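Residue numbers (this note's numbering): 730 to 841.
Think of the CB as a built atom: it goes at the ideal place given N, C-alpha and C, for glycine as much as any other residue.
As the structure is a prediction and not an experimental result, all values here were calculated from the model.
Take a look at the structure set out below.
Rendered as structure tokens:
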């Protein structure tokens, strides 16, 4: 690792840009590179605004550099959060969530 790069699989992700042009986004899975050395509680990927809402909520806190689930949460798992198309971009998320709601007891949230 110190002398050579890592061989990570390239993910081809066809998308449309804001102008409506078809583009191909090339990605690598960052978690494939860090998971062998970083425990899951230190790394929680944020790929969407739904994920962002979850980690900014009262469900998690940061303690000694680790994300920790609030001990007062009734459920052992995190809630299913699916924000609709009006939340795809961070600007849309910030416009609609001036303040992050308390979701400690939430089980599911789906917004269309």
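What does the alpha-carbon distance come out to for the pair residue 753 and residue 828? Whole-angstrom Cα-Cα distance: 34 Å.
Buried or exposed, going by whether 16 or more other CB atoms sit within 10 Å of the CB of residue 779? Under the 10 Å beta carbon count, residue 779 is surrounded by 16 or more other beta carbons and is classified as buried.
Determine the burial state of residue 755: buried for a count of at least 16 other Cβ atoms within 10 Å of its Cβ, exposed for fewer. Classification for residue 755: exposed.
Cβ neighbour criterion (16 or more within 10 Å) applied to residue 781: Residue 781 counts as buried, since no fewer than 16 other beta carbons sit within 10 angstroms of its beta carbon.
According to DSSP, is residue 782 helix, strand or coil? Helix at residue 782.
Please report how far the alpha carbon of residue 775 lies from the alpha carbon of residue 821, in whole angstroms. Going by the C-alpha atoms only, they are around 16 Å apart.
Report yes if the CB atom of residue 810 is closer than 8 Å to the CB atom of residue 799, and no otherwise. Contact flag unset, no.
C-beta atoms of residue 784 and residue 758 nearer than 8 Å: With respect to residue 758, residue 784 sits apart: the two C-beta atoms are not nearer than 8 Å.
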